[in-house]
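In this note's numbering, the protein residues as written are 237 to 745.
Here a beta-carbon is modelled for each residue, glycine too, at the ideal position from N, C-alpha and C.
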């Protein structure tokens, strides 16, 4: 990903603006940013702000922030294990620019760790790229390095650089206005008071507690709030701390940004046409490939959450995996079903006191050394339990936004039902709804819940699909759906009686 693509992703300029600047750069030279300014497509202030967020590739070994020895060891491991034997392959693995890899190869040759093997060729045709092989000394270096850590991949970024990056791309950089909140809740029924309360909570990016009866949309609200943050951020593949490597980028959590490209009249991508003509001055402005451009992460955890999952995980391979909440930094961390975790609420809350209040967290290496990380994440607690049963008043004060998500009124419940039914090709009449309401609320005493309409509609649609007919409400299908919605207590008692009889018969045998 190049600088121009990042400026487009952040909305500073359009792709057409970048293409114009690249064309001017081809003719007159200079840096891409300077050409954008010369064409009055961006101001100096905006460009400086952008460059504060966008990590630029290091131009030397010193600018990586890592020691020469650490980089050599990482390169030799890649050469020995992966088989990287050219500068291009090493660049692809270590995510370092050509100038840095070139210098590392030169140093390794001088120290007799590797030797040149001639240009790469296939079918007798030279490809113009020099091949390298490790010497016996280089293999010894690599073997010793592997004994300490089997990490092979992108060169890590120093902890200090990562901290600066987290602060530069913090959540509070984004402003979420009322229109955006309404847009994200446009296709679900939510009361106006909830929109009014969500806006300030989201813009504060401090913690939020959603509580209330199950099935009324707390998880859905949390997920939609998380998706409102839309800036592109930069996640390092790995972070170096006290000589140790912490693997951070996780494809299951971090969704990489893919820039949309405009097309020329012949259908070829404009930016690709222009890139073919780009001079070395643009290549010098490549982003630091040790960072992956990503959408803001959304991490959700439920009853499986343990305290160990909030600590560094040290593997037998000799490096660390970042904990869940570290992967959520610069994004949203949703703790669903709070209070039903394997640890007590008190233990979990005590773990969160410092991150929520001070916006920093402390992690510990297996050596006993602790280090601090900037904790920029919007933490959302979601629970079916009452807050007073989960936390004391002192901790409750540390969560500045608390919202009770109530059961829907009959009017709202009917509106949801009609919308869900219509989306599935069903027509909900007043007679049908009144029958459902009477059975649920009046006969069974079941509170209305926002999830019920979709559950019942899905059951009816599945039944019609089985019968091979168009979706249609009938009394029989609705009765069957309601019987699957909740377990009937009489049926449960009969089941227990039968199960106990079978157990006694088995014991007698």
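Sub-9 Å separation of residue i and residue j beta-carbons
| i | j | result |
| --- | --- | --- |
| residue 475 | residue 395 | yes |
| residue 201 | residue 524 | Because the chain in this structure spans residues 237 to 745, residue 201 falls outside the shown range and cannot be described. |
| residue 711 | residue 653 | no |
| residue 244 | residue 296 | no |
| residue 675 | residue 715 | yes |
| residue 462 | residue 532 | yes |
| residue 528 | residue 470 | yes |
| residue 275 | residue 262 | no |
| residue 613 | residue 564 | yes |
| residue 365 | residue 324 | yes |
| residue 239 | residue 290 | yes |
| residue 482 | residue 392 | yes |
Neighbourhood of residue i by C-beta distance below 6 Å, restricted to the same chain and skipping five residues each side
| i | result |
| --- | --- |
| residue 597 | 591, 609, 611 |
| residue 260 | 271 |
| residue 639 | 433, 446 |
| residue 648 | 425 |
| residue 550 | 556, 602 |
| residue 252 | none |
| residue 657 | 664, 693 |
| residue 279 | none |
| residue 410 | 465, 467 |
Endpoints, the alpha helix (DSSP H) within which residue i is located
| i | result |
| --- | --- |
| residue 326 | 323-330 |
| residue 273 | 268-274 |
| residue 638 | Not the alpha helix (DSSP H): residue 638 falls in the beta strand (DSSP E), residues 637-640. |
| residue 335 | 334-346 |
| residue 606 | No alpha helix (DSSP H) holds residue 606; the beta strand (DSSP E) holding it covers 606-610. |
| residue 447 | That residue, residue 447, is in no alpha helix (DSSP H); its beta strand (DSSP E) goes 444-447. |
| residue 671 | 666-673 |
Burial state of residue i (16 or more Cβ within 10 Å)
| i | result |
| --- | --- |
| residue 702 | exposed |
| residue 586 | exposed |
| residue 600 | exposed |
| residue 387 | buried |
| residue 722 | exposed |
| residue 236 | Because the chain here runs from 237 to 745, residue 236 falls outside it and cannot be looked at. |
| residue 429 | exposed |
| residue 704 | exposed |
| residue 288 | exposed |
| residue 572 | buried |
| residue 351 | exposed |
| residue 622 | exposed |
| residue 686 | buried |
| residue 303 | exposed |
| residue 269 | buried |
| residue 679 | exposed |
| residue 294 | buried |
| residue 633 | exposed |
| residue 478 | exposed |
| residue 568 | buried |
Limits of the unbroken beta strand (DSSP E) element including residue i
| i | result |
| --- | --- |
| residue 597 | 596-600 |
| residue 747 | Because residue 747 is not part of the residues shown, which for the chain are 237 to 745, the question remains open. |
| residue 529 | 527-531 |
| residue 708 | That residue, residue 708, is in no beta strand (DSSP E); it is neither H nor E in DSSP. |
| residue 618 | 614-619 |
Straight-line Cα distance separating residue j from residue i
| i | j | result |
| --- | --- | --- |
| residue 374 | residue 321 | 13 Å |
| residue 706 | residue 660 | 10 Å |
| residue 708 | residue 473 | 52 Å |
| residue 504 | residue 431 | Because the pLDDT at residue 504 is just 34, under 50, the model does not fix this residue reliably, and the value given afterwards should be weighed accordingly. Computed Cα separation, rounded: 44 Å. |
| residue 329 | residue 341 | 14 Å |
| residue 468 | residue 415 | 21 Å |
| residue 575 | residue 343 | 56 Å |
| residue 543 | residue 579 | 7 Å |
| residue 377 | residue 466 | 44 Å |
| residue 570 | residue 547 | 17 Å |
| residue 666 | residue 436 | 38 Å |
| residue 417 | residue 562 | 26 Å |
| residue 348 | residue 371 | 7 Å |
| residue 510 | residue 405 | Its pLDDT being 33, under 50, residue 510 is placed unreliably by the model, and nothing is read from it. |
| residue 282 | residue 254 | 15 Å |
| residue 538 | residue 491 | 21 Å |
| residue 620 | residue 450 | 6 Å |
| residue 242 | residue 250 | 10 Å |
7 Å Cβ shell around residue i - same chain, five flanking residues per side excluded
| i | result |
| --- | --- |
| residue 454 | 446, 448, 618, 641 |
| residue 697 | 660, 707 |
| residue 802 | Here the chain comprises residues numbered 237 to 745, so residue 802 is not present and cannot be evaluated. |
| residue 651 | 425 |
| residue 713 | 696, 699 |
| residue 248 | 278, 282, 286 |
Cβ-based neighbour list, residue i, same chain, cut-off 8 Å, excluding 5 preceding and 5 following
| i | result |
| --- | --- |
| residue 595 | 610, 611, 612 |
| residue 367 | 321, 322, 352, 353, 354, 355, 356 |
| residue 273 | 279, 280, 283 |
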